[in-house]
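What follows is a set of notes on a single structure, which appears directly below.
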Amino acid sequence: MILITCLAAVMLSCEDCFLPEDKDIIVVEGWIDDGGFPVVIVTRSLPVRLRDDGVRLDELSDYVEGRAKVTVSDGDTSVVLTGGRNKQYVPGYVYTSYYMRGVAGKTYTLTVETRGKTVQAVTTIPQYPPTVDSVVCRHLPSDTSMCEVTAYVRSNPGREEYFKSFYQEGADAQQFLSSFLGVVDGGVTDSVFTMPIIKGVSDYDKSDNTRYFANDTIVKLKISTMDDVSYEIWRSYEDNNRFRSMFMSSSVREVATNVEGGQGYWCGFNSFRLDFKAVPGTYPGNSI
Numbered sequence: 000m001i002l003i004t005c006l007a008a009v010m011l012s013c014e015d016c017f018l019p020e021d022k023d024i025i026v027v028e029g030w031i032d033d034g035g036f037p038v039v040i041v042t043r044s045l046p047v048r049l050r051d052d053g054v055r056l057d058e059l060s061d062y063v064e065g066r067a068k069v070t071v072s073d074g075d076t077s078v079v080l081t082g083g084r085n086k087q088y089v090p091g092y093v094y095t096s097y098y099m100r101g102v103a104g105k106t107y108t109l110t111v112e113t114r115g116k117t118v119q120a121v122t123t124i125p126q127y128p129p130t131v132d133s134v135v136c137r138h139l140p141s142d143t144s145m146c147e148v149t150a151y152v153r154s155n156p157g158r159e160e161y162f163k164s165f166y167q168e169g170a171d172a173q174q175f176l177s178s179f180l181g182v183v184d185g186g187v188t189d190s191v192f193t194m195p196i197i198k199g200v201s202d203y204d205k206s207d208n209t210r211y212f213a214n215d216t217i218v219k220l221k222i223s224t225m226d227d228v229s230y231e232i233w234r235s236y237e238d239n240n241r242f243r244s245m246f247m248s249s250s251v252r253e254v255a256t257n258v259e260g261g262q263g264y265w266c267g268f269n270s271f272r273l274d275f276k277a278v279p280g281t282y283p284g285n286s287i
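So in numbering that gives the first Met the number 0, spot 62 of the sequence shown is number 61, and the numbers just go up one at a time.
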């Protein structure tokens, strides 16, 4: 998903700036969806240079922890994840396993051991996915070559629900990116609320500065429920990094974490997904 690791504090706006090195912090980005496999990225929090043309991808591999032991347990079964290169993710190395799938309502403990350090995090997959009435795609009034996407989501009385939206752009994309202003507390919304799916700013492609989707682009939408701890992490991420599409671009010191002994996050999601082409139209949700 997405959303990639907080490698370091690269939120600085000045050119050629650095934060002090803190080589001892292990940074984790991990998630497990209902019905999905666990995915974990492990890095060290070294400073990343931010240039006008964005973070250099060839610098990131130096910060990956490619020899970590990564274990996920559901209380009954423990699985050691296998690490491997995957160019569809940034920074290009992920740990996963096909021997465990997420189950709604279960709690999962993540343990990462690397460089003589151990960090741990716990998350629970919500019992229910979000209730989505519809997803509407419209041309922008000012530019009919672009489409804006809006999801209509229903909050359920009596449930403690927290929502997060992600997107992928392009038929071959695998990495979900965080949408702009895509975190909602269902307890403080109307019974049906709008969730605009607005693209974040790319940290690697400065030519892609639009918030909307070009006509005929394949869009993959993911709207997830999450527990209250995960909500606080993503809320603090948005408060500090509103215009970032990738978690790795945030300041690890300013974003909340549930990783004991380290930084980053480990989140359980129960998700509604929809793949569609960016053309005007209304797509049914899962509320029927």
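Idealized CB from N, CA, C, for every residue including glycine.
If you measure between the beta carbons of residue i and residue j, is that distance less than 8 angstroms?
i    : j    : result
Y94  : T81  : yes
I222 : G169 : no
Y151 : V121 : no
G260 : K116 : yes
V315 : V27  : There is no way to answer for residue 315, as the model of the chain reaches only from 0 to 287.
S72  : Y107 : yes
Y282 : K219 : no
M225 : Y127 : no
G232 : A213 : In the sequence under discussion, the amino acid at residue 232 is Ile, which differs from the Gly named in the question. Cβ distance not < 8 angstroms, so I232 and A213 don't count as in contact.
I124 : D215 : no
F275 : G284 : no
Evaluate residue i with the Cβ neighbour count: other Cβ atoms within 10 Å of its Cβ, from every protein chain shown; 16 or more gives buried, anything less gives exposed.
i    : result
E64  : buried
V79  : exposed
P19  : Because P19 carries a pLDDT of 40, less than 50, the predicted location of this residue cannot be relied on, and no value is offered for it.
Q262 : buried
R50  : Because the pLDDT at R50 is just 34, under 50, the model does not fix this residue reliably, and the value given afterwards should be weighed accordingly. That one is exposed.
V102 : exposed
D86  : Sequence check: residue 86 is Lys here, not Asp. Result: exposed.
D61  : exposed
V187 : exposed
R114 : exposed
Y98  : exposed
S295 : The structure shown does not extend to residue 295, since the chain is modelled only from 0 to 287, so the question has no answer here.
P37  : buried
Strictly by DSSP, which residues pair up with residue i?
i    : result
I124 : None; I124 has no bridge partner.
Y166 : L176 and L220
K116 : T113
N239 : Note: N239 sits in no beta bridge, so no partner.
Y38  : Tyr is not the amino acid found at residue 38; the sequence shown has Val there. DSSP output for V38 lists W30 and T95 as bridge partner(s).
A103 : For A103, which the question treats as bridged, DSSP gives no partner whatsoever.
V134 : A150 and Y282
N269 : T224
A213 : M145
Y264 : E28
Within the region 53-87, note down every full alpha helix (DSSP H) run reaching 4 residues or more, in order along the chain.
Correct list: 56-59.
Indicate whether the contact test is met: 3 or more Cβ pairs, each with one atom in the region 182-198 and one in the region 154-167, closer than 8 angstroms. Contact between the region 182-198 and the region 154-167 is present: 3 or more CB-CB pairs across the two stretches fall below 8 angstroms.
(request) Check whether the region 220-239 touches the region 174-186, taking contact to mean three or more Cβ pairs, one atom from each stretch, closer than 8 angstroms. (result) Because the criterion of three Cβ pairs below 8 angstroms is met, the region 220-239 and the region 174-186 touch.
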